[in-house]
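The letter at position 202 of the sequence shown is residue 202 when you use full-length UniProt numbering, and the numbering goes up by one with no holes.
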Amino acid sequence: MLAGLERATGDAIVIMDADLQHPPHLLPRMVELFDQGYDQVIATRDRRGDHFFRTIASRAFYRMINRLVDVQLTDGAGDFRLLSRRAVDAILSLPEYNRFSKGLYSWIGFNTVAFAYKNEARQGGQSKWTIGKLFNYALDGLLSFNNRPLRLAIYAGLTLTVLAVAYMTWVVVSALVRGIDMPGYTTIIVSVIGLGGIQMMILGIIGEYIGRLYYEAKRRPHYLAKETEASSVRPPSARQPSSESTHS
Numbered sequence: 001m002l003a004g005l006e007r008a009t010g011d012a013i014v015i016m017d018a019d020l021q022h023p024p025h026l027l028p029r030m031v032e033l034f035d036q037g038y039d040q041v042i043a044t045r046d047r048r049g050d051h052f053f054r055t056i057a058s059r060a061f062y063r064m065i066n067r068l069v070d071v072q073l074t075d076g077a078g079d080f081r082l083l084s085r086r087a088v089d090a091i092l093s094l095p096e097y098n099r100f101s102k103g104l105y106s107w108i109g110f111n112t113v114a115f116a117y118k119n120e121a122r123q124g125g126q127s128k129w130t131i132g133k134l135f136n137y138a139l140d141g142l143l144s145f146n147n148r149p150l151r152l153a154i155y156a157g158l159t160l161t162v163l164a165v166a167y168m169t170w171v172v173v174s175a176l177v178r179g180i181d182m183p184g185y186t187t188i189i190v191s192v193i194g195l196g197g198i199q200m201m202i203l204g205i206i207g208e209y210i211g212r213l214y215y216e217a218k219r220r221p222h223y224l225a226k227e228t229e230a231s232s233v234r235p236p237s238a239r240q241p242s243s244e245s246t247h248s
């Protein structure tokens, strides 16, 4: 999709799937709305025909992510949309490697309008969006547009520390003033396991961000085009690699 946006030269560009789940007969309506001055014309699909579990998971995803991230996503809004020239230029100006497209569309803003359409059955093949891929996509959205997971980890660690200090104070005071025996190894083991789990969770969140910084620092092109037909202009990302670089 990114390669297509970089090569497109029109005043309006439409992104749609090739499996006919995005109805081509909606294109005139999208162009009509574009002529009215909208930079993004979004066709949002309903959930008819989806599996029950997938419908519930999708709705839960949108509710969760709209509360956590800095952009607002519309349920049913995917890549099927018309973009104006300046909207496309804005998308292409974002150099990040991990591209959560739904978030990027919302982040650039501009004049936006959406309308709903009936979901069509897939004409051939099977969807490659497995549960695992959908989960990873949701994780991309959660981590790409906010740092709240890091803040939540800090708040959780601070709260746990305060509770631990309060509990330790209560145990010491109970032992010195009221003569109550201090808890044995069970409390210690539970505390160590709990602290270890929290630390692993925090380290995992930090690791996700460090991993993203690692890939962003590489600045690898999003795609490599060996050659293009009927054009002497190379795509911006398709520069000839040096003799020392290899690709697997």
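Cβ coordinates follow ideal geometry from the N, Cα and C atoms, glycine included.
DSSP, read as helix, strand or coil, puts residue 69 in coil.
With a threshold of 16 other beta carbon atoms within 10 Å, residue 93 falls short and is exposed. For the pair residue 200 and residue 9, the Cα-to-Cα distance works out to about 48 angstroms.
Counting other Cβ atoms within 10 Å of its Cβ, residue 118 stays below 16 and is therefore classed as exposed.
DSSP places residue 112 in the strand class (E or B) of the three-state scheme.
Where residue 3 is concerned, the enclosing alpha helix (DSSP H) starts and stops at 2–7.
Of the residues assessed, residue 109 falls on the exposed side of the cut-off, its CB having fewer than 16 other CB atoms within 10 angstroms. DSSP links residue 117 through a beta bridge to 45.
DSSP places residue 78 in the strand class (E or B) of the three-state scheme.
Counting every other CB atom within 10 Å of its CB across the protein chains shown gives residue 217 a total below 16, marking it as exposed. One alpha carbon belongs to residue 165, the other to residue 203, and they sit about 22 angstroms apart. With 16 or more other Cβ atoms inside 10 Å of its own Cβ, residue 39 counts as buried.
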